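Here the numbering used here = 1-based position in the sequence shown + 134.
Note that beta-carbon positions come from the ideal geometry of N, C-alpha and C, so glycine has one too.
Owing to the predicted nature of the structure, the values given are computational and were not obtained by experimental measurement.
Input: a single structure, listed below in structure tokens.
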Amino acid sequence: TSAYYRGAVGALLVYDIAKMSSYENVERWLEELREHADKNIVVLLVGNKSDLEHLRQVPTEVAELFAREAELSFIETSALEGIQVEAAFTQILIEIYRVVSKKKLEGGDTGGVVPRPGGGLTAAD
């Protein structure tokens, strides 16, 4: 299983806001990530299907509290309607860039990802 996570610098933990059962898996997924991935992996908790507000089973506040306590970023999206999807990817990429840049400045292993001058990320040779 750890080979699956090798080299990962970011992860999206996505659950369905209209299905409590999918949210209940988040803690297990996070434990698996923390057990097998790099300790500096950036994790974004994503509540998807915000267009199904009328079917919501997972209150935003519950997920926000979990994310805060687990030191994760959090966002709600609707892939169907394209709401906040780009923002989610932008947010995680900015956080990855910040972590990788800090590791590079400290002389640490960047996991094969190197910040480009002027912004952006490049896979190291």
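- Along the length of the region 201-246, whole beta strand (DSSP E) runs at least 3 residues long occupy 207-210, reported in chain order.
- The secondary-structure analysis by DSSP pairs residue 147 across a beta bridge with 179.
- Distances from the CA of residue 203 to each of 141, 179, 218 and 212 were compared; the closest alpha carbon is that of 179.
- In terms of Cβ geometry, residue 206 and residue 233 do not form a close pair [threshold 9 Å].
- Under the three-state reduction of DSSP output, residue 168 falls in the helix class.
- When C-beta atoms of the region 178-192 are compared with those of the region 143-159, three or more pairs fall below 8 Å, so the two segments count as touching.
- The beta carbon of residue 195 sits closer than 6 Å to none of the beta carbons in its chain outside the five residues before and after it.
- With fewer than 16 other Cβ atoms from the protein chains shown falling within 10 Å of its own Cβ, residue 137 counts as exposed.
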